[in-house]
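Worksheet: one structure, shown below.
In my numbering, the protein residues as written are 25 to 156.
This is how it looks when you write it as structure tokens:
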């Protein structure tokens, strides 16, 4: 078995640290939520019920909502958790971007092109999801 290539090591590092950051943010948000002892802890049950019956759900619907909730002092613990989930979603795209750069630097234009195509599809899907 051969040693991992520099591209593999770079992508593995990006995915590892992105995953660890995501886990840390989600756990921190949940711990802060538990410590805060919110009197409306049943809010989550209400939100899930509203979603199931087709009513509007007043939770973080956009990155702007998460940003505003994080800007509050103290920050909303659920916004910290949502930020961790956003990091989890973005991590694979960052891994593809790292592979693109590594392939380009290595002179492997074919795989750099493939990585660019995959990254383009990911960015397009993020943009379409954010718009709708």
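We put the CB at the ideal spot given by N, CA and C, even for glycine.
Residue i burial status per 10 Å Cβ neighbour count (16 or more: buried)
i: residue 27; result: exposed
i: residue 171; result: The structure shown does not extend to residue 171, since the chain spans only 25 to 156, so no value can be given for it.
i: residue 137; result: exposed
i: residue 106; result: buried
Closest by C-alpha distance to residue i, when choosing among the options
i: residue 47; options: 35, 94 and 110; result: 110
i: residue 143; options: 134, 57 and 122; result: 122
i: residue 118; options: 88, 140, 130 and 97; result: 140
i: residue 38; options: 120, 89 and 105; result: 120
i: residue 108; options: 52, 29 and 30; result: 52
Cα-Cα separation, residue i to residue j
i: residue 115; j: residue 132; result: 23 Å
i: residue 86; j: residue 45; result: 20 Å
CB contact check: residue i to chain B, cutoff 8 Å
i: residue 131; result: Of the chains in the structure shown, none is chain B; there is only one protein chain.
Chain-order list of residues whose beta-carbon lies under 8 Å from that of residue i (same chain, five-residue window excluded)
i: residue 126; result: 30, 31, 34 and 35
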